[in-house]
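2 protein chains.
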Amino acid sequence: MAKRIAGSTPALDGYRMPGEFEEQEKIWMIWPERPDNWRDGAKPAQEAFAAVAKAIREFEPITVLASSAQYMNCREQLPENIQVLEISNNDAWVRDCGPSFLVNDKGGLRACDWTFNAWGGLVDGLYFPWDQDDMVARKICELEQVDSYRTDNFVLEGGSFHVDGEGTVLTTEMCLLSEGRNPHMTKEQIEEKLCAYLNCQKVLWVKDGIDPDETNGHIDDVACFIRPGEAACIYTEDEMSPFYQASQEAYRDMCEMVDAKGRKLKVHKLCCPKEMVTISGDFRIDRVEGTLPREDGDICIASYMNFLIVNGGVIVPQYGDENDALALEQIQEMFPERKVVGVFTREIVYGGGNIHCITQQQPKV
Amino acid sequence: MAKRIAGSTPALDGYRMPGEFEEQEKIWMIWPERPDNWRDGAKPAQEAFAAVAKAIREFEPITVLASSAQYMNCREQLPENIQVLEISNNDAWVRDCGPSFLVNDKGGLRACDWTFNAWGGLVDGLYFPWDQDDMVARKICELEQVDSYRTDNFVLEGGSFHVDGEGTVLTTEMCLLSEGRNPHMTKEQIEEKLCAYLNCQKVLWVKDGIDPDETNGHIDDVACFIRPGEAACIYTEDEMSPFYQASQEAYRDMCEMVDAKGRKLKVHKLCCPKEMVTISGDFRIDRVEGTLPREDGDICIASYMNFLIVNGGVIVPQYGDENDALALEQIQEMFPERKVVGVFTREIVYGGGNIHCITQQQPKV
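From first to last, the protein sequence lines stand for chains A and B. Taking our numbering, the leading residue of the first sequence gets 675, the next gets one more, and so forth. Taking our numbering, the leading residue of the second sequence gets 675, the next gets one more, and so forth.
Shown next, in the form of structure tokens:
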């Protein structure tokens, strides 16, 4: 039974969103496909997604969702211990279109099914239409037979916020106050909605993300909670970096933040790649009206922060950059109890995101 | 983990197909949609399918699979206690394109994934293409994480045979020896294949079914096992009935049959509808090349035999015919321990099948 809960909120019903570092049941992914976003018919991206899925499968179960057209190819590209199910989609960002799972203290599992509008709808969204993406959360809840809260009239993506599982939300003004999402709501109303649906008491606002043109500055390229009371934040002293200003400000501001439990955040620095990852040369994508054009020299949002925490592990993007090893070291220091695994994901960054953007965790109950 | 088992058979591995009357875990259905088969955009058929699904749900869980295009409509037409999942399909006959589940005596569950060619492929199949149907069994096995035997080069539909769960298969020559299925195989080779994959020792052959033009005479409109050693068979003494000859012959022959355990079959008679169900008047279907035309006066295959056995119940077709009540009575006498429920399914018969054709049981382990 997968009910659509109306007339209540998770906070009222005693459900909260757990931190990503809490124990997980499984991970969800969507298989990439659209040839106007992923170069060369998405074949290089599919290889990278498969590598991410296999890395995750070393730690816990994973289900990869594929369209009808790609079902057989996806099934054949992945090992048998990875479940492959059919789902229609507009692209592969299950972090953003998937459900945000909730738990209570009696073993209950529910989910938030946010309204999804492709990161800005008709204002500055990245593609049209997004109708299939917007049904992904509901379909996952139906697969798992999980009751869900459909937050009509509240546009949100899973990658635009992090929670510490103990009452605190971390997000960016750049994204949540953007014109393309909830322009009818004040900042206070947005805080209320976040707190009601994630069962939190405090929202911590970072000003800017590092990708104003794509997700309007999702927090998951900038910072995250690594456990209650502790966060990680990207940090670079390279003034030539396009991420310099946003990362400096985010780090400075986060060091002053106090969470819902009254703890001053301990903030760990995470390096940025030394070299910019850019679109260049042989970048063959279909030319389709309405999708984001890619031009030679376009800067890709290559952040080590877009890692995924799994049971006993952390899956971290690698770019073939001089700082790859340093990033792994820094993340290993943050998570001494977990095995840190790097996966080469340059092809995913070309498509506009990374490991965290293409995954969604389902907590264990 | 859903493996594709190669180089072995269920018989070798100790798996058998249980009788439909054995305990079930759940029922699978596919939501009807194609407007060149179901009249009026499939809306009347969808109502009938929903009625069948709800009737089944009174006895056990059920999952209804719907295409992307029909997902939301299907989800909204059915109550929340019926699971709705996405699957591509060419039509709604999960009995024929779905898996035949197998069990062993250690709690194992596997399945046969027969090659499906739309009841005769390019020889006399009912539509083209059938590629999505042919993947349904695999996708269901992937959903349930069940290992399966893919019987390449052996075309078979779930509705073309019945098993008693104790070593006996019941089928028709009209279907299994048809030109559009396995013309490269002798009758003996087909028997061997059936026995190897269903783990049976004896095949009982009824000569003809009652729908030579559609399924080439599936057994599930003619006869079935109601428990080991006992079968039901349609029976009419109305010489004007188009089913007269086939039913008389089937009944006569079955009364002489001896099963794999050496038991002479006890055969129960089941009446036929008094009036013919025919295509007439306002039958608006899309005109598409390659699909079966429907013409005024076409006889529909309205058989009470196309019932489904569920846990504690039997779901029986009703046509608004004078014999509806008699059929329920006769079936109730066959199954004194089960609740017999009639569902009005004239609209399903218009599409070429009935309750048994649109359902597939998954045994309990």
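Just so you know, even glycine gets a beta-carbon here, dropped at the ideal spot from N, CA and C.
Does the distance from the C-beta atom of residue i to that of residue j stay below 8 Å?
{"i": "TRP702 of chain B", "j": "ASN764 of chain B", "result": "no"}
{"i": "LYS1013 of chain A", "j": "GLN698 of chain A", "result": "no"}
{"i": "ALA727 of chain A", "j": "THR1019 of chain A", "result": "no"}
{"i": "GLU662 of chain A", "j": "PHE790 of chain A", "result": "Outside the shown range of chain A (675 to 1039) lies residue 662 of chain A, about which nothing can therefore be said."}
{"i": "LEU776 of chain B", "j": "ALA785 of chain B", "result": "yes"}
{"i": "GLY782 of chain B", "j": "TYR689 of chain B", "result": "yes"}
{"i": "GLU754 of chain B", "j": "ALA676 of chain A", "result": "yes"}
{"i": "TRP788 of chain B", "j": "PHE835 of chain B", "result": "no"}
{"i": "ILE953 of chain A", "j": "TYR1024 of chain A", "result": "yes"}
{"i": "PRO1043 of chain B", "j": "ALA716 of chain B", "result": "The first residue shown for chain B is 675 and the last is 1039, placing residue 1043 of chain B beyond what the model contains."}
{"i": "ASP895 of chain B", "j": "ASN980 of chain B", "result": "yes"}
{"i": "LEU878 of chain A", "j": "MET950 of chain A", "result": "no"}
{"i": "MET848 of chain A", "j": "PRO886 of chain A", "result": "yes"}
{"i": "LEU759 of chain B", "j": "LEU817 of chain B", "result": "yes"}
{"i": "VAL1017 of chain B", "j": "ALA725 of chain B", "result": "yes"}
{"i": "GLY794 of chain A", "j": "GLY891 of chain A", "result": "no"}
{"i": "CYS748 of chain A", "j": "ASP807 of chain A", "result": "no"}
{"i": "ALA976 of chain B", "j": "PRO947 of chain B", "result": "yes"}
{"i": "LEU739 of chain A", "j": "ILE761 of chain A", "result": "yes"}
{"i": "LEU982 of chain B", "j": "GLU888 of chain B", "result": "no"}
{"i": "THR842 of chain B", "j": "LYS867 of chain B", "result": "no"}
{"i": "GLY1027 of chain A", "j": "VAL837 of chain A", "result": "no"}
How would you label residue i, buried or exposed, when you count the other beta carbons within 10 angstroms and need 16 or more for buried?
{"i": "PHE743 of chain B", "result": "Correcting the residue type first, residue 743 of chain B is Ala in the shown sequence and not Phe. By the neighbour-count rule (16 or more Cβ atoms within 10 Å), ALA743 of chain B is not buried but exposed."}
{"i": "ARG961 of chain B", "result": "exposed"}
{"i": "LYS938 of chain B", "result": "exposed"}
{"i": "THR860 of chain B", "result": "exposed"}
{"i": "GLY964 of chain B", "result": "exposed"}
{"i": "ASN873 of chain B", "result": "buried"}
{"i": "LEU686 of chain B", "result": "exposed"}
{"i": "ASP933 of chain B", "result": "buried"}
{"i": "LYS943 of chain A", "result": "exposed"}
{"i": "LYS780 of chain B", "result": "exposed"}
{"i": "LYS940 of chain B", "result": "exposed"}
{"i": "CYS945 of chain B", "result": "buried"}
{"i": "ASP995 of chain B", "result": "buried"}
{"i": "MET914 of chain B", "result": "exposed"}
{"i": "GLY936 of chain B", "result": "exposed"}
{"i": "HIS858 of chain B", "result": "exposed"}
{"i": "SER822 of chain B", "result": "buried"}
{"i": "ALA924 of chain B", "result": "buried"}
{"i": "PRO991 of chain A", "result": "buried"}
{"i": "GLU1021 of chain A", "result": "buried"}
{"i": "CYS929 of chain A", "result": "exposed"}
{"i": "PRO684 of chain B", "result": "buried"}
{"i": "GLU1011 of chain B", "result": "exposed"}
{"i": "ALA897 of chain B", "result": "buried"}
Quick one: list the residues of chain B neighbouring residue i, beta-carbon separation under 8 Å, in chain order.
{"i": "TYR745 of chain A", "result": "SER762, MET809, LYS813"}
{"i": "SER742 of chain A", "result": "SER742, SER762, GLN806"}
For residue i, go through chain B and note every residue whose CB falls closer than 7 Å to its CB, in chain order.
{"i": "ASN755 of chain A", "result": "MET675"}
{"i": "LEU783 of chain A", "result": "Simply none; closest approach about 16 Å."}
{"i": "LEU759 of chain A", "result": "GLU816, LEU817"}
Could you tell me which chain A residues have their CB closer than 9 Å to the CB of residue i, listed as they occur along the chain?
{"i": "SER682 of chain B", "result": "Residues of chain A passing the Cβ test: none, with the nearest at roughly 16 Å."}
{"i": "LEU752 of chain B", "result": "By Cβ distance, chain A contributes nothing, its closest Cβ being about 11 Å from LEU752 of chain B, past 9 Å."}
Would you say residue i touches the ligand PLP, meaning its beta carbon is less than 7 Å from a heavy atom?
{"i": "CYS849 of chain A", "result": "The ligand PLP is absent from the structure shown, which contains no ligand whatsoever."}
Answer yes if the segment 695 to 711 of chain B comes into contact with the segment 723 to 733 of chain A, meaning at least three C-beta pairs across the two stretches below 8 Å, and no otherwise. Too few Cβ pairs lie closer than 8 Å, so no.
Inter-stretch contact (C-beta, 8 Å, three-pair minimum) for the segment 954 to 973 of chain B and the segment 998 to 1017 of chain B: Touching, no, given that fewer than three Cβ pairs across the two stretches are closer than 8 Å.
Start-end ranges of the beta strand (DSSP E) lying completely within the segment 854 to 908 of chain A, minimum 3 residues: DSSP runs (the beta strand (DSSP E)) wholly in the segment 854 to 908 of chain A: 876 to 880, 897 to 901, 904 to 908.
Closer than 8 Å is the cut-off here; do at least three beta carbon pairs connect the segment 808 to 826 of chain B with the segment 1030 to 1037 of chain A? For the pair of segments examined, the segment 808 to 826 of chain B was found not to touch the segment 1030 to 1037 of chain A: the number of CB pairs separated by less than 8 Å stays below three.
Does the segment 911 to 924 of chain B touch the segment 862 to 869 of chain B, meaning 3 or more C-beta pairs lie closer than 8 Å? Contact fails: fewer than three Cβ-Cβ distances are below 8 Å.
Can you pull out the residues from the segment 814 to 838 of chain A whose beta carbon lies closer than 8 Å to at least one beta carbon of chain E? Absence of chain E from the displayed structure is noted, the protein chains being A and B.
3 or more residues per run - each beta strand (DSSP E) lying fully within the segment 682 to 759 of chain A: The qualifying runs are 698 to 704, 736 to 740.
Quick check for students: name the residue ranges of the alpha helix (DSSP H) that lie wholly in the segment 803 to 850 of chain A, counting only runs of 4 or more. Listed in chain order, the complete alpha helix (DSSP H) runs (minimum 4 residues) inside the segment 803 to 850 of chain A are 810 to 818, 847 to 850.
If you scan the segment 917 to 990 of chain B from start to end, which runs of the alpha helix (DSSP H) of 4 or more residues do you find wholly inside it? Here the runs fully enclosed are 918 to 928.
Could you tell me which whole beta strand (DSSP E) segments of length 3 or greater appear in the segment 999 to 1034 of chain B? Runs of the beta strand (DSSP E) lying entirely within the segment 999 to 1034 of chain B, each at least 3 residues long, are 1013 to 1018 in chain order.
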